[in-house]
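Working notes, beginning with the structure itself.
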Amino acid sequence: MTKKVAIVGLGFSGFGTTTPDLSYREMIFEAATRCYEDAEGIHPQAIDSFVVSSEDFMEGISIADEYVPDQLGAVLKPVHSITGDSLQGLASAMMQIKTGQQSIVAASAFSKVSNLSHHEHLVSYATDPVYIRPFNENPYFIAGLEMNRYLHETGTTRDQCAKVVLKNRYNALKNPGAHYGARLELEDVTGAPALSYPLGIYDMSGHLDGAIVVLLASEERARELTDKPVWIKGIGWATDTPNLDSRIEGMGSAVYAKLASQQAYRMAGINNPFNEIDFAEIDDTFSYKELQHLEALGLCGPGEAGRLLELGCFGPDGDFPVNVSGGSLGAGYLHEANGLQRLMEVVLQLRGEAGPRQLLDVETGLAFAWRGVPTATGAAAVISTRP
Amino acid sequence: MMRKVAIVGAGMTKFVRRALETPKELSYQATRVTLDSCGLTLDDVDCIAHGTAPDAFDGLHQNGEYMVDGCGGWNKPTMRVYVGGGTGIHAVVHGWHHVASGLFDTCLVVCEEKMSSALPHAQAFFLTIFDSITERPLEPNLLWIFALEMNRYMERYGYTKEDMALVAVKNKQNGLKHPASQFSEEVTVEDVVNSEMMAYPVSRLDVSPVSDGAAAVLLASERVARRLTDKPVWIEGVGWSLDTAYWATRDLYYPRYTDTAARMAYDMAGIREPDKEIHVAEPYDPFDYKALHHLEGLQLSPRGKTVELLRDGHFDIDGNLPMCPSGGLLGVGNPIAAAGTMKVCELFWQLRGEADQRQVPGNPRRGVAQSWGDLMQVSSVVVVGN
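Now the structure itself:
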């Protein structure tokens, strides 16, 4: 007798590489106001609980949870922070509704990464303080190692990875919320300077500011709040070891993505994801990640993603469109809000509100997010127009 | 009909000023004893809910990711929750969400804190919790704002420093019987009042210490719990609430956030008269006045009458409503997130009659634990019963 949970409202604000006119609190206020307006103008007093995904170091505030309630209209309401990807925050919100204690829950996340002068310096604080940090390396070296291992294990080529960049940045040209849209040639990507061999500077997504708020409701309340609910059919999250030196299988294949998606598919009753899901928004923080994740998510066999990409399978007109929004490579990387950014596109597509990039006849979509280097945590959500 | 969730195992490390173990190792120890306490292994655990307070203590970005293998989360759904100082009890609420939602049958809740890595003192990191424009330039620390709150509370009801010190004396006395306690000596009211003044009216012994430690509980669905134990302790109510970040705009004499969180939990548990229906209470007591402040917010004592009841022995171990039989943060120690979970462990042991020398007489059947955090702003409340 598990309760069904719907997404009934969506609001966003501030997408830009810098947002000097908005503090992060103003950005969330704007996104929340739009989200509540989207759900029949619900008053925040009528919302039972609130979840935020954030990390202290990203905000330059210890206990960033303190500054959450006011801009969401959540003062003296149940509020908590998930220090994880915002799809994990979505899972927390969804679980609250499924317990029966709450009926309407808001999940939010934001990025104000433009406040950071050297993001990689901060990321190095996420690496092991004894074994890794003393090397004093740019932490993106981990992505270089992973990419090399992935190419070696699967026979995927450097050019195939570069083609992910071409596809996603081209897709982004049709997305007004995307900031890295471009028409690139293969040589632009492969000939660019290396960040960490074989990873080039164009293989990495650029930073983006922005805030996203979504409103979730139980089946009974969903009908009152919207006539276009989309349903969370399955959700899953998992973490591989944080130690690079013991991430043996996980270096080449994204074990966390496999585990997280298996949980989500099981819950959604999906046996063959490629056939039963129509399109996907999949983490592409780095170009190779999209291909690696496609394989780990069971959407194709190991080593097949690159070839299918070249055949056009994952393009907007292909059998299985992937990152029509432009993904992180095309739209920009929203850090903790990455998961909600992926989810947002899935919701817009399912509601038929995706404008010039609208896919035809889509019923079920998959959102998947990874937490970036050096983590091995991912979360997946299967969303459908059918309850 | 809500899905029933039980606590089936609990465990903790010793609380100490300076642990030699790393944060991961502390988590491992708490995880290990908790699994052993109910005869399970990690294979039986479906998911992990964990908590640790500011990342700054460990100097680690994405600290939750780093902690994963220490608390048994490798290749499992693992999610860290965070409400500042309230994290310890909130992680249990978070764990309850995992099981009560029907997504999982067992959930291991682990909270850890290692404050000693911050040299010379963890207090320095609290500067970064304040608003970067309006407050941080004043270089405040936590003791200052709690001194404001303590002063306001005392002034509102005409309480004295001696009244507040009674709580420190009582809790530290209780804590002497706790095998994991950081302390080994009794203190008197004179000791507390005459201890070094930190920020008036807060003296050194009004405050809980800086500690390292970890604590954990194992939650299970009814089906699994019945198979594991004859004495499950059910989670009957959960509630949490976060007040505005603009703490200077609030009247600090009454914790509204505790009030709303407690009412939410009592509502779920079907409790109408908490002072009569609850048999043992573990309010959050990082400062002595805070225990009284929170008892009022928890509706366990009429506002302004709490010191009277305290002096009458109402809150003693053999009183009508034993308060902090564990010793609380003042008596056992305050490794921030772990201290909250320790309170839930205590209720688990008290309700099962396993609290040894600290056992509250008369077979208590229902208990409440509460934690508090952020900018004097958040409360998480858990009501348990057998």
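Chains A and B, in that order, give the protein sequences.
If you want our numbering, it's the 1-based position in the first sequence plus 1092.
If you want our numbering, it's the 1-based position in the second sequence plus 6.
No residue lacks a Cβ here, since even glycine has one placed at the ideal position from N, Cα and C.
These numbers were taken from a predicted model, which means no experiment stands behind them.
Can you tell me which residues form a DSSP beta bridge with residue i?
{"i": "D218 (chain B)", "result": "B:V22, B:K120"}
{"i": "A55 (chain B)", "result": "B:M85, B:V115"}
{"i": "R372 (chain B)", "result": "B:G391"}
{"i": "T1331 (chain A)", "result": "A:T1469, B:K82"}
{"i": "A1201 (chain A)", "result": "A:S1145, A:I1304"}
{"i": "F1378 (chain A)", "result": "A:M1296"}
{"i": "M8 (chain B)", "result": "BP columns for M8 (chain B) are empty, so no partner."}
{"i": "F1104 (chain A)", "result": "A:I1304"}
{"i": "M203 (chain B)", "result": "B:S209"}
{"i": "S386 (chain B)", "result": "B:W246, B:S377"}
{"i": "L1214 (chain A)", "result": "Answer by DSSP bridge pairing: none, since L1214 (chain A) is not bridged."}
{"i": "S1310 (chain A)", "result": "A:V1097"}
{"i": "A1286 (chain A)", "result": "A:G1292"}
{"i": "G17 (chain B)", "result": "B:A222"}
{"i": "M329 (chain B)", "result": "B:A287"}
{"i": "I1196 (chain A)", "result": "A:A1309"}
{"i": "G91 (chain B)", "result": "B:V89"}
Just confirm the distance between the C-beta atoms of residue i and residue j, as a whole number of angstroms; I'd bet it's less than 8 Å.
{"i": "S1200 (chain A)", "j": "A1309 (chain A)", "result": "The pair is not a contact, with the Cβ atoms about 15 Å apart (cut-off 8 Å)."}
{"i": "E119 (chain B)", "j": "T58 (chain B)", "result": "6 Å"}
{"i": "Q6 (chain B)", "j": "A267 (chain B)", "result": "For chain B, the structure presents residues 7 to 392; residue 6 (chain B) sits outside this window and is missing."}
{"i": "G346 (chain B)", "j": "G94 (chain B)", "result": "2 Å"}
{"i": "S217 (chain B)", "j": "F21 (chain B)", "result": "5 Å"}
{"i": "I1369 (chain A)", "j": "L1386 (chain A)", "result": "With a Cβ gap of about 12 Å, I1369 (chain A) and L1386 (chain A) do not count as contacting."}
{"i": "G1410 (chain A)", "j": "G1404 (chain A)", "result": "5 Å"}
{"i": "I1336 (chain A)", "j": "I1234 (chain A)", "result": "The residue you asked about is not Ile; residue 1336 (chain A) is Leu in the sequence shown. That belief holds up - the Cβ atoms of L1336 (chain A) and I1234 (chain A) are roughly 7 Å apart, short of 8 Å."}
{"i": "H285 (chain B)", "j": "P370 (chain B)", "result": "4 Å"}
{"i": "I1362 (chain A)", "j": "V1474 (chain A)", "result": "7 Å"}
Would a C-beta distance cut-off of 8 Å place residue i and residue j closer than the cut-off?
{"i": "A62 (chain B)", "j": "T134 (chain B)", "result": "yes"}
{"i": "L301 (chain B)", "j": "M329 (chain B)", "result": "yes"}
{"i": "P215 (chain B)", "j": "R23 (chain B)", "result": "yes"}
{"i": "P1285 (chain A)", "j": "R1250 (chain A)", "result": "no"}
{"i": "G1344 (chain A)", "j": "E1245 (chain A)", "result": "yes"}
{"i": "S79 (chain B)", "j": "T1331 (chain A)", "result": "What sits at residue 79 (chain B) in the sequence shown is Gly, not Ser. Yes, these two residues count as a Cβ contact at 8 Å."}
{"i": "I54 (chain B)", "j": "T84 (chain B)", "result": "yes"}
{"i": "D1140 (chain A)", "j": "I1196 (chain A)", "result": "yes"}
{"i": "A16 (chain B)", "j": "C117 (chain B)", "result": "no"}
{"i": "A1472 (chain A)", "j": "V1438 (chain A)", "result": "no"}
{"i": "A110 (chain B)", "j": "D50 (chain B)", "result": "Contrary to the premise, residue 110 (chain B) reads as Phe rather than Ala in this sequence. The answer is no: Cβ separation not under 8 Å."}
{"i": "W1481 (chain A)", "j": "G1470 (chain A)", "result": "Given that chain A is displayed from residue 1093 to residue 1479, the structure contains no residue 1481 (chain A) and the question cannot be resolved."}
{"i": "L1391 (chain A)", "j": "F1412 (chain A)", "result": "yes"}
{"i": "G1152 (chain A)", "j": "S138 (chain B)", "result": "yes"}
{"i": "Y159 (chain B)", "j": "Y295 (chain B)", "result": "yes"}
{"i": "P126 (chain B)", "j": "G219 (chain B)", "result": "no"}
{"i": "Q1441 (chain A)", "j": "G1457 (chain A)", "result": "yes"}
{"i": "K349 (chain B)", "j": "E283 (chain B)", "result": "no"}
{"i": "T1467 (chain A)", "j": "D75 (chain B)", "result": "no"}
{"i": "M8 (chain B)", "j": "A106 (chain B)", "result": "yes"}
{"i": "K176 (chain B)", "j": "D362 (chain B)", "result": "no"}
{"i": "I1089 (chain A)", "j": "L1276 (chain A)", "result": "The requested residue 1089 (chain A) is not part of the displayed model; chain A covers only 1093 to 1479."}
{"i": "A1254 (chain A)", "j": "V1215 (chain A)", "result": "no"}
{"i": "V374 (chain B)", "j": "V387 (chain B)", "result": "yes"}
{"i": "V1100 (chain A)", "j": "A1314 (chain A)", "result": "yes"}
{"i": "F1104 (chain A)", "j": "G1302 (chain A)", "result": "yes"}
{"i": "Y1217 (chain A)", "j": "L66 (chain B)", "result": "yes"}
Runs of beta strand (DSSP E) wholly within the segment 274-320 of chain B (minimum 3 residues, chain order):
Listed in chain order, the beta strand (DSSP E) runs fully inside the segment 274-320 of chain B are 286-288, counting runs of at least 3 residues.
Please give the ranges of any alpha helix (DSSP H) in the segment 1408-1475 of chain A, keeping only runs that are unbroken, at least 4 residues long and fully inside the region.
The qualifying runs are 1419-1423, 1430-1443.
Contact between the segment 1167-1184 of chain A and the segment 1422-1434 of chain A (3+ Cβ pairs under 8 Å)
Touching, per the Cβ criterion.
Between the segment 244-254 of chain B and the segment 216-231 of chain B, do at least 3 Cβ pairs fall closer than 8 Å?
The segment 244-254 of chain B, when compared against the segment 216-231 of chain B, does not touch it at the 8 Å Cβ threshold.
To test your reading of the DSSP string, which unbroken alpha helix (DSSP H) runs of 4 or more residues are found completely within the segment 1216-1276 of chain A?
Entirely contained in the segment 1216-1276 of chain A, the alpha helix (DSSP H) runs reaching 4 residues are, in chain order, 1233-1246, 1250-1263.
Uninterrupted alpha helix (DSSP H) stretches inside the segment 221-268 of chain B (no shorter than 4 residues):
Entirely contained in the segment 221-268 of chain B, the alpha helix (DSSP H) runs reaching 4 residues are, in chain order, 228-234.
Indicate whether the contact test is met: 3 or more Cβ pairs, each with one atom in the segment 1232-1247 of chain A and one in the segment 1347-1362 of chain A, closer than 8 Å.
Contact annotation: the segment 1232-1247 of chain A does not touch the segment 1347-1362 of chain A, with fewer than three C-beta pairs closer than 8 Å.
Which parts of the segment 103-172 of chain B are runs of the beta strand (DSSP E), unbroken and 3 residues or longer, counting only runs that do not cross its ends?
Segments of the beta strand (DSSP E) lying fully in the segment 103-172 of chain B: 112-120.
Where in the segment 1138-1182 of chain A do unbroken runs of the beta strand (DSSP E), each at least 3 residues long, occur, reported from the N-terminal end onward?
Runs of the beta strand (DSSP E) inside the segment 1138-1182 of chain A: 1141-1145, 1171-1174.
Between the segment 1212-1224 of chain A and the segment 31-39 of chain B, are three or more C-beta pairs nearer than 8 Å?
The answer is no - the segment 31-39 of chain B does not touch the segment 1212-1224 of chain A, with fewer than three Cβ pairs under 8 Å.
Cβ contact (3+ pairs, closer than 8 Å) linking the segment 1153-1169 of chain A and the segment 268-286 of chain B:
Using a C-beta cut-off of 8 Å, the segment 1153-1169 of chain A makes no contact with the segment 268-286 of chain B, since fewer than three inter-stretch Cβ pairs fall below that distance.
Runs of beta strand (DSSP E) wholly within the segment 1313-1376 of chain A (minimum 3 residues, chain order):
Within the segment 1313-1376 of chain A, the complete beta strand (DSSP E) runs of at least 3 residues are 1322-1331, 1371-1374.
Evaluate the contact criterion for the segment 191-207 of chain B versus the segment 143-155 of chain B: three or more CB pairs, one atom per stretch, below 8 Å.
In the pairwise beta carbon analysis, the segment 191-207 of chain B is classified as touching the segment 143-155 of chain B: at least three pairs are separated by under 8 Å.
If we count Cβ pairs, one from each stretch, closer than 8 Å, do we get three or more for the segment 1443-1455 of chain A versus the segment 1258-1269 of chain A?
Yes: the two stretches touch, three or more of their Cβ pairs being nearer than 8 Å.
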